[in-house]
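Chemist: For any residue, its number in my numbering is found by taking its place in the sequence shown, counting from 1, and adding 107. Next up is a structure, given as structure tokens.
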Amino acid sequence: MPGTTVAHDLFFTKAGLDSRTVDRLVGDALKGCDDGELYLEYRQSEALSFDDGRLKSASFDTTQGFGLRAVCGEATGYAHASELSQAAIGRAAQAVIAVRAGHTGTIAESPPPTNRHLYIDGNPLSALPFAAKVALLQDIDAYARAKDPRVRQVMASLSGEWQVVLIRRADGRVVEDVRPLVRLNVAIVAAEGDRMETGSHGTGGRTLYDAFIGPDQWRAQVNEAFRQALVNLGSKSAPAGEMPVVLGPGWPGILLHEAIGHGLEGDFNRKKTSAFAGLLGQRVAAPGVTVIDDGTLGDRRGSLSVDDEGTPTSATTLIENGILVGYLQDRLNARLMGMKPTGNGRRESFGHQPLPRMTNTYMQAGDANPAEIIAGVKKGLYAANFGGGQVDITSGKFVFTASEAYLIEDGRIGPAVKGATLIGHGPEVLTRVKAVGTDFCFDPGVGTCGKAGQGVPVGVGQPTLLIDGLTVGGTGG
108 MPGTTVAHDL FFTKAGLDSR TVDRLVGDAL KGCDDGELYL EYRQSEALSF DDGRLKSASF
168 DTTQGFGLRA VCGEATGYAH ASELSQAAIG RAAQAVIAVR AGHTGTIAES PPPTNRHLYI
228 DGNPLSALPF AAKVALLQDI DAYARAKDPR VRQVMASLSG EWQVVLIRRA DGRVVEDVRP
288 LVRLNVAIVA AEGDRMETGS HGTGGRTLYD AFIGPDQWRA QVNEAFRQAL VNLGSKSAPA
348 GEMPVVLGPG WPGILLHEAI GHGLEGDFNR KKTSAFAGLL GQRVAAPGVT VIDDGTLGDR
408 RGSLSVDDEG TPTSATTLIE NGILVGYLQD RLNARLMGMK PTGNGRRESF GHQPLPRMTN
468 TYMQAGDANP AEIIAGVKKG LYAANFGGGQ VDITSGKFVF TASEAYLIED GRIGPAVKGA
528 TLIGHGPEVL TRVKAVGTDF CFDPGVGTCG KAGQGVPVGV GQPTLLIDGL TVGGTGG
């Protein structure tokens, strides 16, 4: 491996690890196992928060460490430490050897090599001086407060991280990746009389700060947060009952991610705890519904050159024209299911084991005109943005809260409503899709997915969708 790479410099030159010694330790630890790897990670992160007209907090953190995994059958031995040394790796090797317990396997072939390198090596944290970051948040605060006397509170935050990983396998194969990630968020509290409401918006991606901090960019976030706050100020209580629901493009794809995407991950299907288990090749959605997970998209929040096992990411079609054709796989579950890894083995950090996870999950555009979709609904709900939600993977049932929603009355967008929750069954919702719009777009780059206590950045996307008959929970008449 060339000694000029960022990863080699961090882990071998600066940390003092010896390549041959590390190879020997990893090889001894994984002898007789079915799979496994040494995962080295270095991460710098920062977060600045501006509230009540002042800098409320500023943090900067550097972490580094390794995780050593040995896989025998379905059993996994995992040891990790924040100490980068031969001695620490040696102790970890002795710990994971216990998982073998007489198991005699043949180590799986390493992932195929790739020349893909999605991101520049530059560190976004050092590309902008600290004073400039504070000045940016001050400008956001001043601009937002000057917009309207109804603005009572402005909260702005800027965060970034620079992650470098190196994955070393039993045969000596090495894979590296450099992963920048930045995010800008704005929240505004507006008041009218005794009523106060909040609107928020943000943007981000795997690039340097300069892609998101130009005046046009940050003003767009402020304008959108302010617009949402005013919409909420004028909203009334949402009605309850079953009705047609139109989901807007972009961020509403989070419902697709949670209610359907998790159920297509390999571990849930191998263990048959997913509502989609055993349904490959069968119709699970309406014609025209195609769902893809793509980790290869440049600069997107969920994209990676390789996953956290070293497998190149890919564009994996999960549902094609309504037919279930694939699952998201890491190496362990793919091997046990007799399938190929899809580059979806992801982990939060060196302290966590990889799991099959989504990257950027989206529904492809269809052929319906979005305006005509709404025009065809006599009475229903238009959900433009979502907040939190819950889903039961086994049953497929979900509950999601719409942070911005409107009544549809006689084919037109009507008054804004507050407190609308969407209640349904993921697989069933797919069969109720009656129209797929032409206006596909991704979310603005702010998604984080939680699973088994691990959070990883993800992307979602979709066009306008019409779902015929979804239960809406609300307090209105």
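Glycine included, each C-beta is placed from N, C-alpha and C at the ideal position.
Just to confirm before moving on: does the CB-CB distance between Y146 and I274 stay below 8 angstroms?
Modeler: Residue numbering aside, residue 146 sits at position 39 when the sequence shown is read from its first letter. Residue numbering aside, residue 274 sits at position 167 when the sequence shown is read from its first letter. Yes.
Chemist: Does the stretch 281-293 come close enough to the stretch 323-331 to have 3 or more Cβ pairs within less than 8 angstroms?
Modeler: yes
Chemist: Can you tell me where the alpha helix (DSSP H) with F167 in it begins and where it stops?
Modeler: As a first step, residue 167 must be located in the sequence shown, where it is residue number 60. No alpha helix (DSSP H) contains F167, which is instead part of the beta strand (DSSP E) from R161 to C179.
Chemist: Can you have a look at F118 and say buried or exposed, based on whether 16 or more other CB atoms are within 10 angstroms of its CB?
Modeler: By 1-based counting over the sequence shown, the position of residue 118 is 11. Counting other Cβ atoms within 10 Å of its Cβ, F118 reaches 16 or more and is therefore classed as buried.
Chemist: Quick one: grab the DSSP three-state call for P351.
Modeler: Locating residue 351 in the sequence shown gives position 244, counting from the first residue. If DSSP states are grouped into helix, strand and coil, P351 belongs with the strands.
Chemist: Closest by CA to G174, which one among I196, H224, L288 and R161?
Modeler: The count along the sequence shown starts at 1 and reaches residue 174 at position 67. Taking only the C-alpha atoms, the option nearest G174 is I196.
Chemist: Taking contact to mean at least 3 C-beta pairs separated by less than 8 angstroms, is the stretch 129-145 in contact with the stretch 153-171?
Modeler: At 8 angstroms Cβ cutoff, the stretches do not touch.
Chemist: If we ignore side chains and look at the alpha-carbon of each, how far apart do F505 and S233 end up?
Modeler: Taking the first residue of the sequence shown as 1, we reach residue 505 at position 398. Taking the first residue of the sequence shown as 1, we reach residue 233 at position 126. For F505 and S233, the distance between alpha carbons rounds to 42 angstroms.
Chemist: List the DSSP bridge partners of Q201.
Modeler: Walking along the sequence shown from the start, residue 201 turns up at place 94. Answer is none; Q201 lacks a bridge partner.
Chemist: To which residues of the same chain is Y355 closer than 8 angstroms at the C-beta, ignoring the five residues directly before and after it?
Modeler: As a first step, residue 355 is located in the sequence shown; it is residue number 248 there, counting from the start. Before going on, a small fix: residue 355 reads as Gly here, not Tyr. For G355, where only same-chain residues beyond five positions count, the Cβ hits under 8 angstroms are Y489, A490, A491, N492 and T571.
Chemist: Applying the criterion that 16 or more other CB atoms from any shown protein chain within 10 Å of the CB defines a buried residue, is G110 buried or exposed?
Modeler: Taking the first residue of the sequence shown as position 1, residue 110 is located at position 3. Bear in mind that the predicted position of G110 carries a pLDDT of just 48, short of 50, making it unreliable; the figure below should be weighed with that in mind. Exposed: under 16 other Cβ atoms inside 10 Å.
Chemist: Do you know offhand how far P351's Cα is from I530's?
Modeler: Against the sequence shown, residue 351 aligns to sequence position 244. Against the sequence shown, residue 530 aligns to sequence position 423. Roughly 12 angstroms between the two C-alpha positions.
Chemist: Three-state secondary structure (DSSP) at M108?
Modeler: For the purposes of this step, residue 108 is identified with residue 1 of the sequence shown, where counting begins at 1. Any reading at M108 must be qualified, since the residue scores a pLDDT of 42, below 50, and its modelled position is unreliable; no value is offered.
Chemist: Would you kindly report the start and end of the unbroken beta strand (DSSP E) that includes V398?
Modeler: In the sequence shown, counting from the first residue as 1, residue 398 sits at position 291. Unbroken beta strand (DSSP E) run through V398: V398 to D401.
Chemist: How many whole angstroms separate the CB atoms of L191 and A122, which I take to be in contact at a CB cut-off of 8 angstroms?
Modeler: In the sequence shown, counting from the first residue as 1, residue 191 sits at position 84. In the sequence shown, counting from the first residue as 1, residue 122 sits at position 15. Going by Cβ atoms, the distance from L191 to A122 rounds to 4 angstroms, so yes, they are a contact pair.
Chemist: Return the first residue and the last residue of the beta strand (DSSP E) that L291 is part of.
Modeler: Locating residue 291 in the sequence shown gives position 184, counting from the first residue. That run of the beta strand (DSSP E) goes V281 to E299.
Chemist: Along the chain, where does the beta strand (DSSP E) containing S156 start, and where does it finish?
Modeler: By 1-based counting over the sequence shown, the position of residue 156 is 49. Run containing S156: D142 to D158, per the beta strand (DSSP E) assignment.
Chemist: Kindly confirm or deny that the stretch 452-460 and the stretch 536-555 touch, where touching means at least three C-beta pairs closer than 8 angstroms.
Modeler: no
Chemist: If you draw a straight line from the C-alpha of Q260 to the C-alpha of R252, how long is it?
Modeler: Along the sequence shown, read from residue 1 onward, the residue named residue 260 stands at position 153. Along the sequence shown, read from residue 1 onward, the residue named residue 252 stands at position 145. Cα to Cα, Q260 sits roughly 8 angstroms from R252.
Chemist: Distance check for K485 and Q436, CA to CA, integer angstroms please.
Modeler: As a position in the sequence shown, residue 436 is number 329, starting the count at 1. As a position in the sequence shown, residue 485 is number 378, starting the count at 1. Roughly 42 angstroms between the two C-alpha positions.
Chemist: Is the distance from the Cβ of V203 to the Cβ of G180 below 8 angstroms?
Modeler: Here the question's residue 203 lines up with position 96 in the sequence shown. Here the question's residue 180 lines up with position 73 in the sequence shown. In this structure, G180 does not lie closer than 8 angstroms to V203 by Cβ.
Chemist: Tell me the DSSP secondary structure of F319 in three-state form.
Modeler: Within the sequence shown, the letter at position 212 stands for residue 319. Correct three-state label for F319: coil.
Chemist: Along the chain, where does the alpha helix (DSSP H) containing N376 start, and where does it finish?
Modeler: As a working note, residue 376 is residue 269 in the sequence shown. It spans G373 to R377 - the alpha helix (DSSP H) in which N376 sits, taken as one unbroken run.
Chemist: Can you list the alpha helix (DSSP H) stretches of 4 or more residues lying completely in the stretch 540-582, in chain order?
Modeler: Not a single unbroken stretch of the alpha helix (DSSP H) spanning 4 or more residues falls wholly within the stretch 540-582.
Chemist: Alpha carbons only, please: which of G544, G450, K525 and K447 is nearest the one belonging to D474?
Modeler: Within the sequence shown, residue 474 is the residue found at index 367, counting from 1. Of G544, G450, K525 and K447, the residue nearest in Cα terms is G544.
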